[in-house]
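Undergrad: Chains as they are written, first to last, in the numbering used here: chain W, 1 to 543; chain Y, 1 to 335. Could you have a look at this structure, given as structure tokens, before my questions?
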Amino acid sequence: MSAMPAVRSPLVRALAAAALLASASLVAPAAAAKGTLVYCSEGSPEGFQPQFFSTGTTFDAVSVPMFNRLVEFKKGTTDIVPALAESWTISPDGKVFTFKLRRGVKFHSNAQFTPTRDFNADDVLFSWARMADANNPWHKLTAGQTFAYYDDMGMQNIVEKVEKVDPYTVRFTLKRAEAPFLADLAMDFASILSAEYFETMMKKGTPNAADAYPIGTGPFTFVSYQKDATIRYKAFDAYWGGRPKIDNLVYSITRDATTRYAKLKAGECQVMAFPKPADLPAMKADPALAVQQKEGLNVGYIAFNTEKKPFDNKLVRQALNLAVNKEAILAAVYQGQGQTAKNPIPPILWGYNNAIKDYPYDPEKAKQLLAQAGYPNGFETELWYLPVTRPYNPDGKRMAELVQADWAKVGVKAKLLTYEWAEYRKRSKTGEHQIVMFGWSGDNGDPDNFFVPLLGCEAVKGGGNAARWCNKDFEALVVKAAQTPNQAERAKLYEQAQVIVHDEAPWIPVAHSVRFDPLRKEVKGYVMDATAHHYFDKVELVP
Amino acid sequence: MLRFLLRRAALIVPTFIGVTLVAFALIHFIPGDPVENISGERGMDAARRARLLHEFGLDRPLPVQYLNYVGQVLHGDLGTSLTTHEPVLREFATLFPATVELAFFALLFALAVGLPAGALAAVKRNTAADYVVMGAALTGYSMPIFWWALLLILFFSVQLGWTPVSGRIAVQYDVAATTGFMLVDTLKAGDWAAFRSALSHLVLPALVLGTIPLAVIARITRSAMLEVLREDYIRAARSRGLGTVRVVVVHALRNALIPIVTVIGLQVGLLLSGAILTETIFSWPGIGNWLIHGVQARDYPVVQGGVLLIATIVITVNLIVDVLYGVINPRIRHG
Numbered sequence: 001m002s003a004m005p006a007v008r009s010p011l012v013r014a015l016a017a018a019a020l021l022a023s024a025s026l027v028a029p030a031a032a033a034k035g036t037l038v039y040c041s042e043g044s045p046e047g048f049q050p051q052f053f054s055t056g057t058t059f060d061a062v063s064v065p066m067f068n069r070l071v072e073f074k075k076g077t078t079d080i081v082p083a084l085a086e087s088w089t090i091s092p093d094g095k096v097f098t099f100k101l102r103r104g105v106k107f108h109s110n111a112q113f114t115p116t117r118d119f120n121a122d123d124v125l126f127s128w129a130r131m132a133d134a135n136n137p138w139h140k141l142t143a144g145q146t147f148a149y150y151d152d153m154g155m156q157n158i159v160e161k162v163e164k165v166d167p168y169t170v171r172f173t174l175k176r177a178e179a180p181f182l183a184d185l186a187m188d189f190a191s192i193l194s195a196e197y198f199e200t201m202m203k204k205g206t207p208n209a210a211d212a213y214p215i216g217t218g219p220f221t222f223v224s225y226q227k228d229a230t231i232r233y234k235a236f237d238a239y240w241g242g243r244p245k246i247d248n249l250v251y252s253i254t255r256d257a258t259t260r261y262a263k264l265k266a267g268e269c270q271v272m273a274f275p276k277p278a279d280l281p282a283m284k285a286d287p288a289l290a291v292q293q294k295e296g297l298n299v300g301y302i303a304f305n306t307e308k309k310p311f312d313n314k315l316v317r318q319a320l321n322l323a324v325n326k327e328a329i330l331a332a333v334y335q336g337q338g339q340t341a342k343n344p345i346p347p348i349l350w351g352y353n354n355a356i357k358d359y360p361y362d363p364e365k366a367k368q369l370l371a372q373a374g375y376p377n378g379f380e381t382e383l384w385y386l387p388v389t390r391p392y393n394p395d396g397k398r399m400a401e402l403v404q405a406d407w408a409k410v411g412v413k414a415k416l417l418t419y420e421w422a423e424y425r426k427r428s429k430t431g432e433h434q435i436v437m438f439g440w441s442g443d444n445g446d447p448d449n450f451f452v453p454l455l456g457c458e459a460v461k462g463g464g465n466a467a468r469w470c471n472k473d474f475e476a477l478v479v480k481a482a483q484t485p486n487q488a489e490r491a492k493l494y495e496q497a498q499v500i501v502h503d504e505a506p507w508i509p510v511a512h513s514v515r516f517d518p519l520r521k522e523v524k525g526y527v528m529d530a531t532a533h534h535y536f537d538k539v540e541l542v543p
Numbered sequence: 001m002l003r004f005l006l007r008r009a010a011l012i013v014p015t016f017i018g019v020t021l022v023a024f025a026l027i028h029f030i031p032g033d034p035v036e037n038i039s040g041e042r043g044m045d046a047a048r049r050a051r052l053l054h055e056f057g058l059d060r061p062l063p064v065q066y067l068n069y070v071g072q073v074l075h076g077d078l079g080t081s082l083t084t085h086e087p088v089l090r091e092f093a094t095l096f097p098a099t100v101e102l103a104f105f106a107l108l109f110a111l112a113v114g115l116p117a118g119a120l121a122a123v124k125r126n127t128a129a130d131y132v133v134m135g136a137a138l139t140g141y142s143m144p145i146f147w148w149a150l151l152l153i154l155f156f157s158v159q160l161g162w163t164p165v166s167g168r169i170a171v172q173y174d175v176a177a178t179t180g181f182m183l184v185d186t187l188k189a190g191d192w193a194a195f196r197s198a199l200s201h202l203v204l205p206a207l208v209l210g211t212i213p214l215a216v217i218a219r220i221t222r223s224a225m226l227e228v229l230r231e232d233y234i235r236a237a238r239s240r241g242l243g244t245v246r247v248v249v250v251h252a253l254r255n256a257l258i259p260i261v262t263v264i265g266l267q268v269g270l271l272l273s274g275a276i277l278t279e280t281i282f283s284w285p286g287i288g289n290w291l292i293h294g295v296q297a298r299d300y301p302v303v304q305g306g307v308l309l310i311a312t313i314v315i316t317v318n319l320i321v322d323v324l325y326g327v328i329n330p331r332i333r334h335g
């Protein structure tokens, strides 16, 4: 507590003296052990198994510190780099991915298990078969658990089989050419488990323990978890990527953002997750803190239900695009932190078509288009706004009010309404809305991961395509892009797809937000991740 | 006494039915469902949605689900959490000691301050002291817990650095949870520094959680004392020349305690519900924090089981208080 500010006011001193009697003698110095980094995380992990869950909170606590994937994202980017696979080849037809595995990779050990061998192809096969094969004995090991993210990414429709070529070579054969598959393998659900660990625990008669007490190859090993309170890790000395610079990593689970901020200020943690936007100016002004920021891999948008009148008419959709002043929204809703969107994907993603010219704010032109479409006096409609703060949209209600006012100027009277968040999603996914506000945070930095789940024809059925827009030309382009192994060629196809989206205007792409990670000044070497995870293996504490 | 107990116990059955029904109905009335909660912004095809609903047992009609649930509960099975897949009872048992510890100290604080303050206000009736105590009690009672907690954190923890911001113990102490009561566990481990740390973490949350009960206790003590102070035996005691302190503490307060005990019993419900907010803001790993998250995640078994267990505890405590009351005052049990 050396950074305690000087107390000046006499009233403060008097109160302080009174409280001192009550509490001061009780307080132990809160200085953390040397080399211990405390991260104020936003919630408890659902479990300690990387394949079962699909929330960022769980990834941050499980797959990020303790596991590796065959390929991973280069820190701070969505570039795919070697990890447990040292190299790979993709067959010319784009269907066969062959990975050469890294040698000498050690698994963690714990009280119940000491590995007798290094990582090899058996671990890859085990990890994959467990998710893919419903008849695999490990598939149903933990009752009620499903492989949610594997299912979400539609892997059962993509992967035909996984084979071991030799102990250090594995081959994935796909049902169809699928270029984004490599990026899929860098995702958390594709973390590699130890086959030997599960077999050992099975022999000991406690197979479920293997899902509860994680053994991975990652930079940190699991120490303990106190539910809803703390998760402890220590540096893994034999980590193939180099031992972390800190000795201990502690996640202090703090659900309330204001409390996290108070802890950061008091030095009870050195890094905090998800600051409240309203706290950012004060954080930036605090000399003890550093606020890192990064362009988000996201988009906030407003989707027209193209199955309903009048939004089945392209002119109406274009008119409503023209009628919205995005710059004003960026200033009022995003506090200037971010940028206006003209495409469904953010500019940090490859394949972004910067040649597209956004619809300018032009109410006169909008009126003309509406008249042309047969609505010279406008019409009445409903706009659903987000009931919660999301990374891609800090204030849905405010955004809706601005849009409502803009549209009123061209004669379109939008009634604003919303539902409780889960209900909101449920109703919009069944297409109940006329116009709905939504957004998306990318999973893996592949443009396919925006176009297909949000605008693809299949996604109309699942409800992820809130515009319920199915365009044959667009669909053909994104399908072709997915089947093209060469990234430069894929980028061209996506650029064309964006031209169609722009012209057809199923959405108003509103903005791409910026994310913030506040940390204390003594934290060095922290790099913000592109997919919103929190990595601490390269971090140092320099007091 | 036995008849009294039986009569009280018989009331538990309808209460139990009521509680399960309310808990079940409330959480199902909240829009959204656990499956929707899994998918987020992503779409989910109808087949997968149906499969998940089936796996969670949510594809049956509500009355059937309710009866199944009650059947399960009667067999002592509260189900498993839909998020963690841990048994609800085990999660509750892990977290409950933290809430008990917090509630205990909150009540201790409320009593230690509320009883003397209330007695003082009664004795000094209609003086400045009375107005100050009752004014403070009213303020405390009306204080929004969230705001009060933040105020204390910002002042004592952030500004002055005297108390920790949140949690149960500083992160450098990794004390194995044997009893789940942090103070007991640290003592058992013989780690004084850890014990002190745990104690310091209790100060602010106990103060916040104890504020409303304190106000209630102070007010009840005052009115109970006022009644007793009017009794003939107090006048008799005074007339015998006994000192004020002796009259107030021995003769008056002791007799005033009967209604106070009842009120303390009722505070248990208040403490457990207040714990929900207090625990959230102080990241106190107890059942309040857990229930809030359960509601957000639409984790039906957690919310139903948690509410049922809390209700059971409140009912039990009230039963104990009733019995104690009967012990203290024989007129009740024969009445």
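Ideal Cβ placement from N, Cα and C applies to all residues, glycine included. Remember, it's a predicted structure, so these values are computed and weren't measured experimentally.
(1) In chain order, which continuous runs of the alpha helix (DSSP H) of length 4 or greater are located wholly inside the stretch 221-276 of chain Y?
(2) From what residue to what residue does the alpha helix (DSSP H) around W/W138 run?
(3) How long is the line joining the alpha carbons of W/P180 and W/A212, rounded to whole angstroms?
(4) Is Y/V303 near the ligand GTP, going by C-beta to nearest heavy atom under 6 Å?
(5) Mark Y/T179 as exposed unless 16 or more other C-beta atoms lie within 10 angstroms of its C-beta, in which case mark it buried.
(6) So with CB distances below 7 Å, who are the chain W contacts of Y/L95?
(7) Kindly give me the distance between the Cβ atoms of Y/S283 and W/R520, rounded to whole angstroms, as I take these residues to be in contact under 8 Å.
(8) With a threshold of 8 Å on Cβ separation, who are the neighbours of W/Q156 within its own chain once the five nearest residues in sequence on each side are excluded?
(9) How long is the line joining the alpha carbons of Y/Y325 and Y/L82, rounded to whole angstroms?
(10) Run the CB neighbour count on Y/E91, radius 10 Å, all protein chains shown included, and call it buried at 16 or more, exposed below.
(11) Who are the near neighbours of Y/L272 in its chain, counting only those whose CB is closer than 6 Å to its CB and skipping five residues on each side?
(12) For the stretch 136-148 of chain W, enumerate the residues whose C-beta is nearer than 8 Å to any C-beta of chain Y, in chain order.
(13) Quick check: is the beta carbon of W/D166 nearer than 7 Å to any beta carbon in chain Y?
(14) Bridge partners of W/N325, per DSSP?
(15) Can you confirm whether W/D152, when its beta carbon is compared against all beta carbons of chain Y, has any partner nearer than 7 Å?
(16) Note the first and the last residue of the continuous alpha helix (DSSP H) segment covering W/W548.
(17) Between the Cα of Y/V19 and those of Y/Q304, Y/V317, Y/N318, spot the shortest distance and give me the residue it belongs to.
(18) Using a Cβ-Cβ distance cut-off of 7 Å, determine whether W/E46 contacts chain C.
(19) I want to see whether chain W comes within less than 7 Å of Y/E101, judged by CB atoms only; does it?
(20) With three or more C-beta pairs closer than 8 Å as the rule, is the stretch 1-13 of chain Y touching the stretch 42-53 of chain W?
(21) State whether the stretch 283-297 of chain W contacts the stretch 28-46 of chain Y, with contact taken as three or more CB pairs (one from each stretch) at a distance under 8 Å.
(22) Using DSSP bridges, identify the partner residues of W/K415.
(23) Leaving out five residues before and five after Y/R298 in sequence, what residues of the same chain have Cβ atoms less than 8 Å from its Cβ?
(24) Write down the C-beta distance between W/K367 and W/V324 rounded to the nearest angstrom, noting that I regard them as a contact closer than 8 Å.
(25) Count the CB pairs spanning the stretch 345-359 of chain W and the stretch 493-500 of chain W that are closer than 8 Å, and state whether there are at least three.
(26) Could you tell me which residues DSSP puts in a beta bridge with W/Q293?
(27) Please report the Cβ distance between W/Q293 and W/V514, rounded to the nearest whole angstrom; I am assuming they are in contact, meaning their Cβ atoms lie under 8 Å.
(28) Is the shortest distance between the beta-carbon of W/D188 and the beta-carbons of chain Y less than 7 Å?
(29) Taking the C-alpha atoms as reference points, what is the distance between Y/D59 and Y/L52?
(30) Can you check whether the C-beta of Y/D45 is within less than 7 Å of a C-beta belonging to chain W?
(31) In terms of residue numbering, what span does the beta strand (DSSP E) encompassing W/P82 cover?
(32) Can you find a C-beta in chain Y that's less than 7 Å from the C-beta of W/W440?
(33) For W/L454, tell me which candidate among W/I246, W/F274, W/E86, W/P344 has the shortest Cα-Cα distance.
(34) Tell me the DSSP secondary structure of Y/A297 in three-state form.
(35) Using a Cβ-Cβ distance under 7 Å, would Y/N318 count as near chain W?
(36) DSSP state of W/K524, grouped into three classes?
TA: Judging by the given coordinates:
(1) For the stretch 221-276 of chain Y, whole alpha helix (DSSP H) runs of length 4 or above, ordered along the chain, are 232-239.
(2) Working through the first sequence from its first residue, we reach residue 138 of chain W at position 138. First-last for W/W138: undefined, no H or E at that position.
(3) As a position in the first sequence, residue 180 of chain W is number 180, starting the count at 1. As a position in the first sequence, residue 212 of chain W is number 212, starting the count at 1. Taking the straight line joining both Cα atoms gives about 31 Å.
(4) By its list of ligands, the structure shown contains no ligand whatsoever, and the ligand GTP lies outside what it can speak to.
(5) Here the question's residue 179 of chain Y lines up with position 179 in the second sequence. Label assigned to Y/T179: exposed.
(6) As a first step, residue 95 of chain Y is located in the second sequence; it is residue number 95 there, counting from the start. The contacting residues are K227, D228.
(7) Residue numbering aside, residue 283 of chain Y sits at position 283 when the second sequence is read from its first letter. Residue numbering aside, residue 520 of chain W sits at position 520 when the first sequence is read from its first letter. Y/S283 to W/R520, Cβ: 18 Å. No contact.
(8) As a first step, residue 156 of chain W must be located in the first sequence, where it is residue number 156. A132, Y150.
(9) Residue numbering aside, residue 325 of chain Y sits at position 325 when the second sequence is read from its first letter. Residue numbering aside, residue 82 of chain Y sits at position 82 when the second sequence is read from its first letter. Cα to Cα, the separation comes out at about 42 Å.
(10) The residue labelled residue 91 of chain Y in the question sits at position 91 within the second sequence. Burial state of Y/E91 is buried, judged by a 10 Å Cβ sphere holding 16 or more other Cβ atoms.
(11) Translated into positions along the second sequence, residue 272 of chain Y becomes position 272. Result list for Y/L272: I310, in chain order.
(12) T142, A143, G144, Q145, T146, A148
(13) To locate residue 166 of chain W, count along the first sequence from 1; it is residue 166. No, no contact with chain Y.
(14) Here residue 325 of chain W refers to the residue found at position 325 when the first sequence is read from its first residue. Looking at the DSSP assignment, W/N325 forms no beta bridge with any residue, so it has no partner.
(15) Taking the first residue of the first sequence as 1, we reach residue 152 of chain W at position 152. At least one chain Y Cβ lies under 7 Å of W/D152.
(16) Residue 548 of chain W cannot be examined here, being either before or after the span of chain W that is shown, 1 to 543.
(17) What you label residue 19 of chain Y is simply residue 19 of the second sequence in a count that begins at 1. Minimum Cα distance to Y/V19 is reached at Y/Q304.
(18) As a matter of chain content, chain C is missing from the structure shown, whose protein chains are W and Y.
(19) Counted from its first residue, the second sequence places residue 101 of chain Y at position 101. So no, Y/E101 is outside the interface.
(20) Segment contact: the stretch 42-53 of chain W against the stretch 1-13 of chain Y, fewer than three CB-CB distances shorter than 8 Å; contact not assigned.
(21) no
(22) As a first step, residue 415 of chain W is located in the first sequence; it is residue number 415 there, counting from the start. For W/K415, which the question treats as bridged, DSSP gives the partners W/E382.
(23) Translated into positions along the second sequence, residue 298 of chain Y becomes position 298. Non-local C-beta neighbours of Y/R298 in its own chain, meaning closer than 8 Å and more than five positions away in sequence, comprise I27, I30, G32, D33, P34, E36, N37, L82, ordered along the chain.
(24) Residue 367 of chain W sits at position 367 when you count from the first residue of the first sequence. Residue 324 of chain W sits at position 324 when you count from the first residue of the first sequence. That pair is no contact at about 14 Å.
(25) yes
(26) Counting from one through the first sequence, the residue named residue 293 of chain W turns up at place 293. Answer is W/F516.
(27) The residue given as residue 293 of chain W occupies position 293 in the first sequence. The residue given as residue 514 of chain W occupies position 514 in the first sequence. Their Cβ separation, rounded to whole angstroms, is 5 Å, which keeps W/Q293 and W/V514 in contact under 8 Å.
(28) Counting from 1 along the first sequence, the entry for residue 188 of chain W is found at position 188. Cβ-Cβ to chain Y under 7 Å: no for W/D188.
(29) Indexing the second sequence from 1 puts residue 59 of chain Y at position 59. Indexing the second sequence from 1 puts residue 52 of chain Y at position 52. The alpha-carbon atoms of Y/D59 and Y/L52 are separated by roughly 9 Å.
(30) Along the second sequence, one-based indexing puts residue 45 of chain Y at 45. Yes, Y/D45 counts as interfacial toward chain W.
(31) Position 82 of the first sequence, counted from the first residue, corresponds to residue 82 of chain W. Here the beta strand (DSSP E) through W/P82 covers 80-82.
(32) One-based indexing of the first sequence puts residue 440 of chain W at position 440. Yes, W/W440 counts as interfacial toward chain Y.
(33) Locating residue 454 of chain W in the first sequence gives position 454, counting from the first residue. Closest option to W/L454, Cα to Cα, is W/P344.
(34) Numbered from its first residue, the second sequence carries residue 297 of chain Y at position 297. Looking at Y/A297 - three-state DSSP - the assignment turns out to be coil, as it is neither helix nor strand.
(35) Residue numbering aside, residue 318 of chain Y sits at position 318 when the second sequence is read from its first letter. At a cut-off of 7 Å, the C-beta of Y/N318 has no neighbouring C-beta in chain W.
(36) In the first sequence, counting from the first residue as 1, residue 524 of chain W sits at position 524. Here W/K524 sits in strand by DSSP.
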